[in-house]
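Colleague: Heads up: the sequence shown begins at 8 in this note's numbering, then just goes up one per residue. Glycine included, C-beta positions come from ideal geometry on N, C-alpha and C. In this text the structure is predicted, and so the values were computed from the model without any measurement.
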Amino acid sequence: MRFNEKTFAQDYDGRLSSEGYPGLLLDAVIAEFDAGSSIADVGAGSGLFALPLSEAGFHVTAIEPSREMIRIMESKMSPRTDGSLKIIHSSWEDYRCGRFDGLICMHSIYPMVDPSSAVQKMAGCSFKSIVAVRSDDSGPSLSDAVRKKLCAARPEVKFNAVITNILEKKGIPFTSKRFRTERFTRFKDPSSEADYFSRHIGLDQNRKGEIIGILLEKAELINGEYFIKSTYDDVFIIF
Numbered sequence: 008m009r010f011n012e013k014t015f016a017q018d019y020d021g022r023l024s025s026e027g028y029p030g031l032l033l034d035a036v037i038a039e040f041d042a043g044s045s046i047a048d049v050g051a052g053s054g055l056f057a058l059p060l061s062e063a064g065f066h067v068t069a070i071e072p073s074r075e076m077i078r079i080m081e082s083k084m085s086p087r088t089d090g091s092l093k094i095i096h097s098s099w100e101d102y103r104c105g106r107f108d109g110l111i112c113m114h115s116i117y118p119m120v121d122p123s124s125a126v127q128k129m130a131g132c133s134f135k136s137i138v139a140v141r142s143d144d145s146g147p148s149l150s151d152a153v154r155k156k157l158c159a160a161r162p163e164v165k166f167n168a169v170i171t172n173i174l175e176k177k178g179i180p181f182t183s184k185r186f187r188t189e190r191f192t193r194f195k196d197p198s199s200e201a202d203y204f205s206r207h208i209g210l211d212q213n214r215k216g217e218i219i220g221i222l223l224e225k226a227e228l229i230n231g232e233y234f235i236k237s238t239y240d241d242v243f244i245i246f
């Protein structure tokens, strides 16, 4: 799991934070739960949801398998999270679950080997669970576009259909909500930005020139800074 790599974990947190993630997705999560609820954050990563939820008065249990992600999350804790955030170093599969008012799994189900068992466990551990995935018909992200042009695309999995099919087969009622957000990638140095994508995608440095070309093709230069707008369509599957 690359999230156990220090540089990859730092890249992940830094990039999403700089783009304003989670943005309105955080507001949408807060709207689903009563104030002061206990919430499990499955695959909490660097705490992009867990930290602001705990600061907002929720009692959060952040479950995360990567020690590097946990180190980043711990470095960002503040007095406002004292007593309201508990961090557990564990995969969801190995975690011995209690009972929570709510549970969130925000784009963290993708690497799970057995999504069916994972979803059933979520349903059994909380009164309301939210699994967030990219919409099956969402356009390609910037990372996807770079991968595609460099013939390094990942196999496409329609996770929305996967999760809803699991719930239907198990007779678990659910609803879906769709959210569209825009995020902006900003950079001044195309070479450094290409280095990031080389690390992120796992490409040799000999492809760096090609990556720079792709970025400049998509970017708009404003006052010496490059901007690339990406649109994301996310789905909350609520059960």
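(1) In angstroms, rounded to a whole number, what distance separates the CA positions of D108 and R9?
(2) Bridge partners for R141 per DSSP, in chain order?
(3) Taking contact to mean 3 or more Cβ pairs, one atom from each stretch, closer than 8 Å, check whether the stretch 219–231 and the stretch 170–189 are in contact.
(4) Using only CA atoms, which one of R22, I77 and K135 lies nearest to E39?
(5) In chain order, which alpha helix (DSSP H) runs of at least 4 residues are fully inside the stretch 159–230?
(6) Are T110 and M129 touching if we call contact CB-CB under 8 Å?
(7) Given a cut-off of 8 Å on the beta-carbon distance, is the pair L32 and F191 in contact?
(8) Within a Cβ cutoff of 6 Å, which residues of the same chain sit near E227, ignoring the five residues on either side of it in sequence?
(9) If we require 3 or more residues per run, which beta strand (DSSP E) segments fall completely within the stretch 44–130?
(10) Would you mind stating whether C158 and A139 have Cβ atoms separated by less than 8 Å?
(11) Given a cut-off of 8 Å on the beta-carbon distance, is the pair T188 and D151 in contact?
(12) Tell me the DSSP secondary structure of S148 in three-state form.
(13) Which residues in the same chain have their Cβ closer than 6 Å to the Cβ of S44, if we skip the five residues on either side of it in sequence?
(14) Taking V120 as the reference, which of S98, L23 and R141 has the closest Cα?
(15) State the beta-bridge partners of K13 as determined by DSSP.
(16) What does the Cβ neighbour count give for D196, buried or exposed, with the cut at 16 atoms within 10 Å?
(17) With C-beta atoms as the reference, is A69 less than 8 Å away from G90?
(18) Would you grab the beta carbon distance between I94 and E75 for me? Rounded to a whole angstrom, and I think it's under 8 Å.
(19) Which whole-angstrom value is the C-beta distance of L60 and K83, which I expect to be below 8 Å?
(20) Just the Cα atoms here: how many angstroms apart are G223 and N167?
Modeller: If we stick to the structure as given:
(1) 31 Å
(2) D241
(3) no
(4) K135
(5) 166–176, 197–208 and 215–225
(6) The displayed chain sequence assigns Leu, not Thr, to residue 110. Yes.
(7) no
(8) In its chain, beyond the 5 residues on either side, F234 have a beta carbon closer than 6 Å to the beta carbon of E227.
(9) 45–49, 66–71, 92–96 and 107–113
(10) no
(11) no
(12) coil
(13) F65, D108 and G109
(14) The residue from S98, L23 and R141 with its alpha-carbon nearest to that of V120 is S98.
(15) Residue pairing by DSSP leaves K13 without any beta bridge partner.
(16) exposed
(17) Against a cut-off of 8 Å, the Cβ pair of G90 and A69 comes out as no contact.
(18) Not quite, the Cβ-Cβ distance comes to about 13 Å (not below 8 Å), so this is no contact.
(19) Going by Cβ atoms, the distance from L60 to K83 rounds to 13 Å, so no, they are not a contact pair.
(20) First, the amino acid is wrong: residue 223 is Leu here, not Gly. Taking the straight line from one Cα to the other gives about 32 Å.
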